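Visitor:
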Amino acid sequence: MRFLFKTGYAQDLRLFKHGGQVFWYGLLVALLLAAPFAVGEYGMSQLHFILIYSIVGLGLMLLVGFTGQISLGHAAFLAVGAYTEALLQARGLPFFVSLPVAALLSGALGWVLGLPALRLKGTYLAIATLAFNIIVEEVTARWEGLTGGNSGLHLKPIEMFGIDFGGDASFYYLCLALTVLSILALMNLLRSPTGRAFVAIRDSEISASCMGVNLATYKTMSFALSAAFTGIAGALYAHKVSFISPEQFTLLQSIELITIVILGGVGFIHGAVLGAAFVIVLPQLISIAKDYLPSNIAGSGLQAVVFGLVLIGFIIFEPLGLYGRWLKVRTWFELFPFYRRGMFRRQKSYMKSERLK
Amino acid sequence: MSFFKVDNLGIRFGGVVAVDKVSFEVKRGECYTIIGPNGAGKTTIFNLIGLLYPATSGRIFLEDRELTGFSPHQVADLGIARTFQNIELFEHATVLQNLLIGRHRHRKTSLWQELIFTGATRRAELAQREAVEKVIDFLDLAKVRDSLVAGLPYGVRKVVELGRALATEPKLLLLDEPSSGLNPEETDDMAFWIEDIKRHLGVTVLMVEHDMNLVSRVSDRVLALNLGSAIAEGTPAEVQAHPAVIEAYLGKAA
Ligand SMILES: Nc1ncnc2c1ncn2[C@@H]1O[C@H](COP(=O)(O)OP(=O)(O)OP(=O)(O)O)[C@@H](O)[C@H]1O
Ligand SMILES: [Mg+2]
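Protein chains in written order, with numbering that gives the first Met the number 0: chain V, 0 to 356; chain S, 0 to 253.
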């Protein structure tokens, strides 16, 4: 076990708490930087998707994991990011302009979706966000003059500062840079007043507001930020698939996105990335497994069934997600042989003041 | 100029008149306590001061400024902090984070500065931590500063909640039953802290409390409430000896 001795306030502000963390994250970054030299074309493509989904995961983690709100409509923001990027690129704007615009537009729409969150909670909010997803999907399908309707839009590879980001490696580095920046932004937010206000809202709205947190401002801000992250991911996604159409941004996609945070571990930044990796890799594992399964099981519905089962399984057996599982395993080794079951159980809070609900 | 004044305050929930035409005034620097049997309307008065419920009648003033028309989060900005009878902490955050949320009204940085964590943000954060660290020292919370609230015993949570309210640097501190659920030693510590808050930090305290020992020890004046109405006001000894108060607690002598 490692004991940290606190010698100054600045210590709490550090992103890395001790040398071990610097070493391991340094190694991870080195491996990620080296990946294009070691990984084949197919693997690179998977890595692109993992990074793009990680950015969505970070946005959703901010909203679901740290602010305690729910959204079953994030595919809509992915769509806004993707379509903005496609339309602006077609009008000749460079990526470093179109990307911020995609983020801002998604963010603005996220702010709008945040408004019902001021009145709705839990399941009702989920339904409102779900309806929002359907509206955006319908609009993209019907507004043919702008979006090309169901025949979709094509994108060219990104070109910036004379560099072609169409190659596997260059696009990968672009995605990696944006993912790392997103992680840093989220970590910065969480060690600042705004991030703490989000956590306060998650844990007790009533006392957050008694501490001076304006619930309306911060809830809508959380939706807006979350949507902006997703918009950035949407812009990258559009280039990754190079052809976008409304059926890529359906409810099912939204559910896949929320799966990222639930599998990864609600409330952990690591969870966003782990969850994204899992959501991308699982379909591959399923298609490998199909070769060994009898043909009547290995139908096209298998993936949806496995996804559903995994989701339910995690909610029931490992609500802390993959990252929570890792924390438990690590603690088990650190404390061996003194690990107790239930050390990570989230305790029921003492009598909550019901009259104030 | 009066420091804090409640004038003719009232609220009804359907048929229940929870608070009925209550008026009182708290002087700067004193500890004013509201007592009364269960269901007397004490917590409801706090919720009315916090603007969590719209009052049916009456007005509330802090330093001659009327609170009506503000929203709940602005009450904190005006300098009123509170604790809850049943503890409302941020469960899945550490003690330090809980206290830092108390600093929310003193934040100075914008979202954009925070996203890239500028030098100004770092300086502001260090200043916040210094302020919080003073509260941690004052309430002797150093041992638990990095523990998650969810794992702490009840007595410690009560202190953390007091600390969070203090971290806001309030002018007026509302304490809803600070000693409930505490053992005698913890209650003793609590009494000591309340005296210190009043005397050394110069914070005015408005408290709801059942433990008459604690009340007599720390309060300057006491208001007794029964069924939503004020029945007696005065020094702790006067109020305790008041016939209407004895009757409210013990029932009419047969
Ligand atoms: N939100 C509400 N809706 C309906 N009735 C309420 C509400 N809040 C309080 N009441 C009622 O108002 C009355 C006063 O309640 P309050 O919580 O203020 O009592 P209290 O003096 O704090 O009692 P205790 O000592 O038990 O904490 C009670 O009859 C209670 O049932
Ligand atoms: Mg009460």
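Note that CB positions come from ideal geometry on N, CA and C, so glycine has one too.
Nothing here was measured: the structure is a model prediction, and the numbers come from that model.
1) When the distance is taken between beta carbons, is residue 81 of chain S closer than 9 Å to residue 172 of chain S?
2) According to DSSP, is residue 205 of chain S part of a helix, a strand, or is it coil?
3) State buried or exposed for residue 67 of chain V, treating a residue as buried only when at least 16 other CB atoms are found within 10 Å of its CB.
4) Give, in chain order, every residue of the stretch 198-217 of chain S whose Cβ lies closer than 7 Å to some Cβ of chain V.
5) Name the chain V residues that come within less than 7 Å of residue 115 of chain S, Cβ to Cβ?
6) Within the stretch 26-93 of chain V, note down every full alpha helix (DSSP H) run reaching 4 residues or more, in order along the chain.
7) For residue 66 of chain S, collect the residues of the same chain with a Cβ closer than 6 Å to its Cβ; drop the 5 residues on either side in sequence, then sort them by chain order.
8) Just to make sure I have the definition right: I need the residues of chain V whose C-beta is within less than 7 Å of the C-beta of residue 106 of chain S. Which are they?
9) Closest to residue 224 of chain V by C-alpha separation, out of S:184, S:113 and S:4, would be which residue?
10) One question on the structure: do residue 102 of chain V and residue 215 of chain V come within less than 9 Å of each other, judged by their Cβ atoms?
11) Let me check one thing: in DSSP terms, what residues is residue 222 of chain S bridge-paired to?
12) Ligand 2 and residue 41 of chain S: does the residue's C-beta get closer than 8 Å to at least one heavy atom of that ligand?
13) Along the chain, where does the beta strand (DSSP E) that runs through residue 6 of chain S open and close?
14) What does the Cβ neighbour count give for residue 211 of chain V, buried or exposed, with the cut at 16 atoms within 10 Å?
15) Going by alpha carbons, who is nearest to residue 281 of chain V out of V:271, V:302, V:290 and V:272?
16) For residue 240 of chain V, which residues in the same chain have their Cβ closer than 8 Å to its Cβ, ignoring the five residues on either side in sequence?
17) Please report whether the beta-carbon of residue 266 of chain V lies at a distance below 9 Å from any beta-carbon of chain S.
18) Over what stretch of residues does the beta strand (DSSP E) that includes residue 15 of chain S continue unbroken?
19) Expressed to the nearest angstrom, what Euclidean distance is found between the alpha-carbon atoms of residue 49 of chain V and residue 206 of chain S?
20) By DSSP, does residue 157 of chain V sit in helix, in strand, or in coil?
21) Given this structure, state the Cα-to-Cα distance separating residue 242 of chain S from residue 50 of chain S, to the nearest angstrom.
22) Buried or exposed, going by whether 16 or more other CB atoms sit within 10 Å of the CB of residue 23 of chain V?
23) Under a three-way DSSP split, which group does residue 97 of chain V fall into?
24) Count the C-beta pairs between the stretch 108-122 of chain S and the stretch 140-158 of chain S that are closer than 8 Å, then say yes if the count reaches three, no if not.
25) Suppose contacts are defined by Cβ-Cβ distances below 9 Å. Is residue 255 of chain V in contact with residue 272 of chain V by that definition?
26) Is it the case that the Cβ atoms of residue 233 of chain V and residue 42 of chain V are separated by a distance below 9 Å?
27) Taking one C-beta from the stretch 69-79 of chain V and one from the stretch 134-142 of chain V each time, how about it: are there three or more such pairs within less than 8 Å?
28) Does the beta-carbon of residue 31 of chain S, which I'm using as the reference point, lie nearer than 8 Å to any heavy atom of ligand 1?
29) Run down chain S in chain order and give the residues with a C-beta less than 9 Å from the C-beta of residue 69 of chain V.
30) DSSP on residue 163 of chain V, reduced to helix/strand/coil?
31) So for residue 171 of chain S, helix, strand or coil by DSSP?
32) Measure the alpha-carbon distance for residue 15 of chain V versus residue 199 of chain V and round it to whole angstroms.
33) For ligand 2, any of its heavy atoms closer than 8 Å to the Cβ of residue 207 of chain S?
34) Can you check DSSP and say which residues form a bridge with residue 80 of chain S?
35) Which partner residues does residue 58 of chain S have in the DSSP bridge list?
36) Closer than 8 Å between beta carbons: that is the criterion. Which residues of the stretch 81-111 of chain S meet it against chain V?
Guide: If we stick to the structure as given:
1) Taking the second sequence and counting its residues from 1, one reaches residue 172 of chain S at position 173. Taking the second sequence and counting its residues from 1, one reaches residue 81 of chain S at position 82. In this structure, residue 81 of chain S lies closer than 9 Å to residue 172 of chain S by Cβ.
2) As a working note, residue 205 of chain S is residue 206 in the second sequence. In the structure shown, residue 205 of chain S sits in a strand (DSSP, three-state: E or B).
3) Along the first sequence, read from residue 1 onward, the residue named residue 67 of chain V stands at position 68. So residue 67 of chain V counts as buried.
4) none
5) For the purposes of this step, residue 115 of chain S is taken as the residue at position 116 of the second sequence. Those are 187, listed as they occur along chain V.
6) 40-59 and 73-89
7) Within the second sequence, residue 66 of chain S is the residue found at index 67, counting from 1. If we look at residue 66 of chain S and ignore the five residues flanking it on each side, its Cβ neighbours are 59.
8) Within the second sequence, the letter at position 107 stands for residue 106 of chain S. Near residue 106 of chain S (Cβ distances below 7 Å), the residues of chain V are 192.
9) The sequence position of residue 224 of chain V within the first sequence is 225, counting from 1. The shortest Cα separation from residue 224 of chain V among S:184, S:113 and S:4 belongs to S:113.
10) Within the first sequence, residue 102 of chain V is the residue found at index 103, counting from 1. Within the first sequence, residue 215 of chain V is the residue found at index 216, counting from 1. Against a cut-off of 9 Å, the Cβ pair of residue 215 of chain V and residue 102 of chain V comes out as no contact.
11) Taking the second sequence and counting its residues from 1, one reaches residue 222 of chain S at position 223. Answer by DSSP bridge pairing, in chain order: S:33 and S:232.
12) Counting from 1 along the second sequence, the entry for residue 41 of chain S is found at position 42. True, at least one ligand heavy atom lies under 8 Å from that Cβ.
13) Position 7 of the second sequence, counted from the start, is the residue given in the question as residue 6 of chain S. It spans 3-12 - the beta strand (DSSP E) in which residue 6 of chain S sits, taken as one unbroken run.
14) As a working mapping, residue 211 of chain V is identified with position 212 in the first sequence. It is buried - the Cβ of residue 211 of chain V has at least 16 other Cβ atoms within 10 Å.
15) Start at 1 with the first residue of the first sequence, and residue 281 of chain V comes out as number 282. Nearest C-alpha to residue 281 of chain V: V:302.
16) Here residue 240 of chain V is taken as the residue at index 241 of the first sequence, counted from 1. Here the set comprises 247.
17) Here residue 266 of chain V corresponds to residue number 267 of the first sequence, with the count starting at 1. Judged by the 9 Å Cβ criterion, residue 266 of chain V is in contact with chain S.
18) Translated into positions along the second sequence, residue 15 of chain S becomes position 16. First-last of the beta strand (DSSP E) with residue 15 of chain S: 15-25.
19) Position 50 of the first sequence, counted from the start, is the residue given in the question as residue 49 of chain V. Position 207 of the second sequence, counted from the start, is the residue given in the question as residue 206 of chain S. Going from the Cα of residue 49 of chain V to the Cα of residue 206 of chain S covers about 54 Å.
20) Counting from 1 along the first sequence, the entry for residue 157 of chain V is found at position 158. Note: residue 157 of chain V maps to coil in three-state DSSP.
21) Taking the first residue of the second sequence as 1, we reach residue 242 of chain S at position 243. Taking the first residue of the second sequence as 1, we reach residue 50 of chain S at position 51. Roughly 33 Å between the two C-alpha positions.
22) As a first step, residue 23 of chain V is located in the first sequence; it is residue number 24 there, counting from the start. It is exposed - the Cβ of residue 23 of chain V has fewer than 16 other Cβ atoms within 10 Å.
23) Numbered from its first residue, the first sequence carries residue 97 of chain V at position 98. Helix.
24) no
25) What you label residue 255 of chain V is simply residue 256 of the first sequence in a count that begins at 1. What you label residue 272 of chain V is simply residue 273 of the first sequence in a count that begins at 1. No, the Cβ-Cβ distance between residue 255 of chain V and residue 272 of chain V is not below 9 Å.
26) Taking the first sequence and counting its residues from 1, the one referred to as residue 233 of chain V is at position 234. Taking the first sequence and counting its residues from 1, the one referred to as residue 42 of chain V is at position 43. No. Outside cutoff.
27) yes
28) Position 32 of the second sequence, counting from 1, holds the residue named residue 31 of chain S. No; taking the cut-off as 8 Å, the Cβ of residue 31 of chain S has no heavy atom of ligand 1 nearer than that.
29) Taking the first residue of the first sequence as position 1, residue 69 of chain V is located at position 70. Those do not exist, as residue 69 of chain V stays about 17 Å from chain S at its closest Cβ, beyond 9 Å.
30) Position 164 of the first sequence holds residue 163 of chain V. DSSP places residue 163 of chain V in strand when its eight states are reduced to three.
31) Here residue 171 of chain S corresponds to residue number 172 of the second sequence, with the count starting at 1. Correct three-state label for residue 171 of chain S: strand.
32) Residue mapping note: residue 15 of chain V aligns to position 16 of the first sequence, counting from 1. Residue mapping note: residue 199 of chain V aligns to position 200 of the first sequence, counting from 1. Residue 15 of chain V and residue 199 of chain V: Cα-Cα distance of roughly 23 Å.
33) Taking the second sequence and counting its residues from 1, one reaches residue 207 of chain S at position 208. Under cutoff, so the answer is yes.
34) Here residue 80 of chain S refers to the residue found at position 81 of the second sequence. Its beta-bridge partners are S:172.
35) Translated into positions along the second sequence, residue 58 of chain S becomes position 59. DSSP lists S:6 as partners of residue 58 of chain S.
36) 81, 83, 84, 85, 86, 87, 88, 89, 90, 91, 92, 95, 96, 99, 100, 101, 102, 103, 104, 106, 108 and 110
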